[in-house]
Amino acid sequence: MSAIAVRGALWFRGFLDRAAQERLVDEIRAVVAAAPLFAPVTRRGQPLSVRMTSAGRCGWVSDRKGYRYEPRHPDGMPWPPLPPTVAAAWEALSGWPAPPDCCLVNWYDPGARMGLHQDRDEADFSAPVLSLSLGDTGVFRIGAEARGGRTDRIDLASGDALLLTGPSRLAHHGIARILPGTSTLLPAPGRINLTCRVVG
Ligand code: SIN
Ligand code: MN
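Numbering (the working numbering), first residue to last: 1 to 200.
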């Protein structure tokens with residue numbers, strides 16, 4: 001499948017068809033049943049507007065101790081295994097010879113957003129980050145590796161995949177807003193985003 005390159009990131013529109021999206025929603029429901037969504041806070045105690053959990057060997061957490069990967073959920077359980085649909089998407093698109101260590105699951109209520117940031121808590125930036133989107137469209141902004149400057153808009157719709165690779169691996173990126181009512185996949189308005197990372 002061909003990709004659209006935006007600031008070096010590769011955007012695969014409609015990578016997952018409707019049946020694959022439905023299968024992936026079921027797989028994420030099982031992840032959330034085993035490792036519930038939690039409300040992360042920043043080091044200063046400010047709540048993030050997304051709720052999150054993870055699957056894989058480790059999970060990304062943010063709390064008063066800061067940002068990091070942890071082998072267990074904040075409630076103490078191990079993270080569930082990587083869902084098969086996520087593993088298959090990684091194999092198809094990443095070009096990386098091993099599975100990802102972490103699949104971060106972000107849940108966006110219709111009012112949630114995510115400020116511009118870099119994904120830089122991993123040891124090896126030669127491995128890409130793969131994102132999969134489900135549900136309502138998220139208005140994704142991507143800029144340069146350096147802070148500030150112009151950003152470009154990518155509307156990530158249900159089923160879209162985005163690979164942050166090569167020059168875009170350390171690009172600043174974030175979600176400006178969710179566009180409620182743009183998908184019929186989920187029973188309620190909102191968005192699920194999955195990001196797969198090699199943590200090292
Ligand atoms: C992230 O940067 O962790 C999530 C990006 C997205 O929700 O598309
Ligand atoms: Mn990110």
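Cβ atoms here follow ideal geometry from the backbone N, Cα and C, with glycine treated the same way. Since we're looking at a predicted model, the values are computed, not measured.
The C-alpha of Ser168 is placed about 19 Å away from the C-alpha of Gly138. By the Cβ-count criterion, Gly56 is buried, with 16 or more other Cβ atoms from all chains shown falling within 10 Å of its own Cβ. Taken in chain order, the complete alpha helix (DSSP H) segments of 4 residues or longer contained in the region 36 to 108 are 84 to 93. Cβ neighbours of Val61 within its own chain (closer than 7 Å, five residues either side excluded): Pro40, Arg68, Glu70, Pro74.
The beta carbon of Asp121 sits closer than 6 Å to those of Tyr67, all from its chain and outside the five residues before and after it, given in chain order. By the Cβ rule, the region 186 to 200 counts as touching the region 105 to 114, because three or more pairs are nearer than 8 Å. Residue burial annotation: Met114 is buried, with at least 16 other C-beta atoms found within 10 angstroms of its C-beta. The Cβ atoms of Leu164 and Ala171 sit closer than 9 Å to each other. Fewer than three Cβ pairs drawn from the region 146 to 160 and the region 122 to 130 lie within less than 8 Å of each other, which leaves the two stretches out of contact. Taking 8 Å as the cut-off, one finds at least one heavy atom of ligand 1 near enough to the beta carbon of Tyr108. Note on geometry: alpha-carbon atoms of Pro78 and Arg72 lie some 5 Å from one another. Around Gln21, the same chain offers Leu134, Ser158, Gly159, Leu185 as residues with beta carbons nearer than 8 Å, after the five sequence neighbours per side are excluded.
In this structure, the C-beta of Thr53 stays at least 8 Å away from each heavy atom of ligand 1.
The continuous alpha helix (DSSP H) containing Arg29 extends over residues 18 to 34. Taken in chain order, the whole beta strand (DSSP E) runs of length 3 or more contained in the region 120 to 160 are 129 to 135, 137 to 142, 152 to 156.
With contacts defined by Cβ atoms closer than 9 Å, Cys196 and Pro100 form a contacting pair.
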